[in-house]
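Asks: Can you read through this structure? Questions will come right after.
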Amino acid sequence: MKITVYGGAGVIGGNKIHVSFGDRGLFFDFGEPFDVSKKYCTEFIKPRGARGLRDYLRMGMLPALDCYRPDLYPGDLTSSDMTPVRTDALFLSHAHFDHYGHVGFLRQDIPIVASPMTYAILRAYSETGRANAPTELFDHVVRTEKEGEPRVLISPRGKVKEIKGRCWVLTGDVIEDDPEWKKGSVCDIIRGDGEINGIEYRAFPVDHSVYGATAYAVRSGNEDWVVYSGDLRMHGARGEMSAAFADAAGKLNPKALIIEGTRIGRASEEKEITEAVVRENCRAAVEEGRGLTIADFSANNFERLDTFIGITKDAGKRMVVTHRDVAFLESIAKVDGNVRKDDLWVYRSLNSEDIEAVNSLKDKGWQVADPDDIAKDPNEYMLCFSFWDMTKLLDLEWSGGTYIYSNSEAYDLKQVDNLQKLMNWIDLFGFKCRGLDMVDGHLEFERGFHSSGHLSLPHLWRIIDTISPEVVIPVHCSDPEAFARSCPVETIIPVKGQPISLDRR
C-alpha cells in the first residue's frame, strides 16, 4: 500500500491524493492548487486552453501522470512523457474548487464517486459557469489538433464535433429523477453499492461549509482500510455527522487516516464561533438595522443561506437572490426536496442577459423583485449580494441601510484589495456594516458573524483519537510540522510527489 500526495502537502488546498493497493489505485480529490495559481496567475494571465495539459504541467499545477484525457495532449506532448499511475476511481469529497477544480483533466473512463448533493452543486456550476477543460466534469467536446499547427488544440463546432461523457457514482439517492438533470445519454449516473472497479468503499456524510461534504474509507481485497476526511468541522448545525463519521471509521481499524489540518498555526479562538452564534448575531443585526439589508456570504454556503431565510421570515422581510443563485437552489432541491421558491424573490438585474434569465424564472413561478420596487420600500427587503454584485445596487435610487458581512477573513493580498474596495462601495451607499470595518486604513473583522468550515484543534485531536489509526497523514495544512508535534498518533509528514509506503508498518 502506497499513498502519494501530489497536491495538499504543506499547503492549504489543491488536494490530489493517490492511494495504490498494488493492482488497484484511486485518487481522493483533484483540486486547483491555490498556492501555485496565486503565484503565477491573474484574471487575465492563466494557462492557455489551446495548449491543453502543457501549460499546467510547466507551471507545476498538474503532476506529470498518465491519467489525463488523451484529447488534451497537444502535438508536442505525449503520454510517454508521463509517469504511469493506476486510477480506477476518483473519490470527490465536496464542491469546493480546491478539491474539484482539476477533475476535468482526468480521463473520462475514470468513475467519480460523490454525494448526490456534491453532484447537484457541481451540475449548477456547469450550467452557470464558463466551460473549460479543468472543470468539464460531466461531458466535453473532444479537442483536436489545429490543421497545420498540431501544438494548438481546438474544440470542433457544429455536427462534426464528438462529445464524451463521464460516469458518476452517487453515494445516496436523489428525490427527483430528472433525466435532463443527469446530463442526458453522454453522462452516466448510477447509485453506488460500496464497490467500484475492485475497490471497496464506505462514504460518510460530514459537516462542512458546503452541503454534501463526504469522508471516505477505502480498501482493496484484504488490504487495510485507508480513511480520508476531506474538509469537515464539528461546530456547524450538522456537527453530529462528523462525530458519527469518526465513530464509524474507528470501527474499521484503519491503517492510515489522511486528514485536514487547515487551522494548524492560526490564532485559536477563545471560544469557537458556531453556526448558532452566527445566526443570533446576524438576527440581532437585522432587527437593529433600518432600511435596506444586505447579507454577504459565500455563494455555495447554503447553510448560511437557510440561516438568513429564517431570519428574513422572522423579520417580516423579503429575501432577494440572483438568478444564478436560483440555478443552484433548483439543482440541490432535487436532492434535499427543499425548493425554497416560496421563501425567495429573484432580483431583476438591468442588463439584457440577466433579464432574459429572470423572465424565464418568472414564467416558472419564481417571484421577481424590481429595483424600483425595492427602492420604494427598502426596509422590506434583504438582498443576498456580495462584492461582485455591487454594481446592481446602482439601479436603486436610495441610500442607507445595514450591510452584514458574514464571510471569511482575507487570507491574501487580492482578497484584502477586494474587501477594501467593498468598503468603498459600502461608504458610497451609506451602509452601516457589521462583521467588517475599516479602521485607520486597515480591515478589521468583527467576531461572531462567520463560522469556520474547518475543525478546531480540540475537535481535530478528538476525531483522530476516536478513529485511532496506525498513522496520520496531514494534508490541507500549512504547518504539518506543528501538526505532528501535537498529534496524539504517529504522524507521517507528506512530501509532494513522494510515495509513502505502508506495506511493512
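Numbering (our numbering), first residue to last: 598 to 1102.
We put the CB at the ideal spot given by N, CA and C, even for glycine.
(1) Please give the ranges of any alpha helix (DSSP H) in the stretch 1022 to 1099, keeping only runs that are unbroken, at least 4 residues long and fully inside the region.
(2) Taking the alpha carbon of E1041 as the reference point, which residue from S1048, H1047, L1033 has its own alpha carbon closest?
(3) May I ask which residues mark the beginning and end of the beta strand (DSSP E) holding A736?
(4) Should L947 and K973 be called a contact, given that it needs their Cβ atoms to be closer than 9 Å?
(5) Measure the Cβ-Cβ separation of K931 and A717 and say whether it is below 9 Å.
(6) By Cβ distance, which residues of its chain are closer than 6 Å to V700, with the 5 residues on each side in sequence left out?
(7) Would DSSP call T988 helix, strand or coil?
(8) By Cβ distance below 6 Å, which residues in the same chain neighbour I861 in space, the five residues on each side in sequence not counted?
(9) So, does the stretch 813 to 826 touch the stretch 1004 to 1021, judging by three or more C-beta pairs under 8 Å?
(10) Looking only at its chain, what residues have a beta carbon closer than 8 Å to the beta carbon of I600, apart from the 5 residues adjacent to it on each side?
(11) Write down every uninterrupted run of the alpha helix (DSSP H) in the stretch 641 to 698 whose length is 4 residues or greater and which is fully enclosed by it, in chain order.
(12) By Cβ distance below 7 Å, which residues in the same chain neighbour V682 in space, the five residues on each side in sequence not counted?
(13) With DSSP as the reference, label G701 as helix, strand or coil.
(14) Measuring alpha carbon to alpha carbon, tell me which of V923, N956, F905, I796 ends up nearest F625.
(15) May I ask you to report which of helix, strand or coil DSSP gives D821?
(16) Entirely within the stretch 851 to 887 and at least 4 residues each: give me those alpha helix (DSSP H) ranges in chain order.
(17) If we ignore side chains and look at the alpha-carbon of each, how far apart do L1025 and S996 end up?
(18) Whose CA, out of R1031, G1027, T999, F984, lies closest to the CA of V1013?
(19) Keeping to the same chain, check which residues put their C-beta closer than 7 Å to that of I772; ignore five residues upstream and five downstream.
(20) Determine the closest residue to G913 out of R863, Y603, D940, with distance taken between C-alpha atoms.
(21) To which residues of the same chain is T581 closer than 6 Å at the C-beta, ignoring the five residues directly before and after it?
(22) For the candidate residues D790, P975, S928, D992, whose alpha-carbon lies nearest to that of E724?
(23) Could you check if P630 is buried or exposed, using at least 16 other CB atoms within 10 Å of its CB as the buried criterion?
(24) For H920, which of helix, strand or coil comes out of DSSP?
(25) Compute the Euclidean distance between the alpha carbons of Y697 and L689, then round it to the nearest angstrom.
(26) Within the chosen definition, does the stretch 601 to 609 reach the stretch 704 to 719 through at least 3 CB pairs nearer than 8 Å?
(27) In this structure, how does DSSP classify Y808 when only helix, strand and coil are distinguished?
(28) Who are G726's beta bridge partners in DSSP?
(29) CA-CA distance, S1003 and V874?
(30) CA-CA distance, G1038 and I1001?
(31) Kindly indicate the opening and closing residues of the alpha helix (DSSP H) around E994.
(32) Can you give me the start and stop residues for the alpha helix (DSSP H) that I772 sits inside?
(33) Decide if V883 is buried, meaning its Cβ has at least 16 other Cβ atoms within 10 Å, or exposed.
(34) Could you give the C-beta distance for W942 and A924, rounded to a whole number, given that I count them as a contact under 8 Å?
(35) If the criterion is Cβ atoms closer than 9 Å, does the pair T999 and C1030 meet it?
(36) Taking just the CA atoms, how far does N897 sit from E837?
Replies: Result, derived from the coordinates:
(1) 1054 to 1064, 1077 to 1083
(2) L1033
(3) Here residue 736 is Asp; the residue named in the question, Ala, does not match the sequence. Run containing D736: 736 to 738, per the beta strand (DSSP E) assignment.
(4) no
(5) yes
(6) F627, L734
(7) helix
(8) C1074, D1076, A1079, F1080
(9) no
(10) I614, H615, V616, S617, V823, A853, I855, I1070, P1091, P1096, I1097, L1099
(11) 651 to 655, 694 to 697
(12) H615, G622, L662, D663, C664
(13) helix
(14) I796
(15) coil
(16) 872 to 885
(17) 8 Å
(18) F984
(19) K931, V932, G934
(20) D940
(21) The displayed coordinates of the chain run from 598 to 1102. Any statement about residue 581 would go beyond what the structure contains.
(22) S928
(23) buried
(24) helix
(25) 7 Å
(26) no
(27) coil
(28) Partner(s): none; G726 has no beta bridge.
(29) 12 Å
(30) 20 Å
(31) It is not in any alpha helix (DSSP H) - E994 carries neither H nor E in the DSSP assignment.
(32) Unbroken run through I772: none, as it is neither H nor E.
(33) buried
(34) No, W942 and A924 are not in contact; Cβ-Cβ is about 16 Å, not under 8 Å.
(35) yes
(36) 21 Å
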